Structure formats: C-alpha cells, structure tokens
Amino acid sequence: PKPRTEVAASGMASAQGARGGWPHMVSGAVAGSAAVLFLHPFDVIKTRLQVQDGFQSRETYRGTLHAVRSIYRQEGWQAFYNGLTPAWLGSGIAR
C-alpha cells in the first residue's frame, strides 16, 4: 500500500486538476487589469515626453512634473487615461 502522504498528495493534485486553470487565469487577468489601471497615467506621461519633436506648434514639456501639471490643467484628469481601453483589454488577455 502507498504511504498516507502519497495518497493525500495525489488526491489533492487530482482535485486541483479537476478545477483546471480557471482560478489562475482569472486572478492573472484581474491583476493585469489592476496594474494597467494604476500604471496607465505614467505611460501617458512617458509617451507625451517621448513624442516631443521640438516643433513649437505643440507645448514642449520641460520635465515630468511640468508635463503632469500641463496635461492636468489643459485637459483634465481624464487625459491621463486616454487610450486605456486597448491597453486594459490587452493586459487582461495577455496575463
């Protein structure tokens, strides 16, 4: 006969296998979505700073804090979440 620890361990493994990977997939999607919701404003700021090309037709940001203040004053807090939907959907699927 098998030792009790082997029987208990094999029983737990089969119970987890019956559930499948759904709990892990759901928790990964939730974690990825939460990360995007929290970090997306930083991506918006980073992208705006990177896209500056030196033309005077647009405002040139002098730094990160200046970019944050300018975006907030001119466009409101919603501007920090521009483009959120594609990033959010992609993160939920990818995680």
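48 is the number of the first residue of the sequence shown in this note's numbering; add one for each residue after it. Glycine included, C-beta positions come from ideal geometry on N, C-alpha and C. These figures come from a predicted structure and were not determined experimentally.
Report the three-state DSSP secondary structure of residue i (helix, strand or coil).
i    : result
T107 : coil
G67  : coil
Q121 : helix
Q97  : helix
G130 : coil
Who are the near neighbours of residue i in its chain, counting only those whose CB is closer than 8 Å to its CB and skipping five residues on each side?
i    : result
Y128 : H87, P88, V91
L84  : L131, W135
Taking the alpha carbon of residue i as the reference point, which residue from the options has its own alpha carbon closest?
i    : options             : result
H113 : L96, Q125, A76, S74 : L96
T111 : E122, S74, G75, T94 : T94
Segment contact flag, the stretch 66 to 73 with the stretch 86 to 101, C-beta cutoff 8 Å, min 3 pairs: no
Any 3 or more C-beta pairs closer than 8 Å across the stretch 122 to 140 and the stretch 72 to 82: yes
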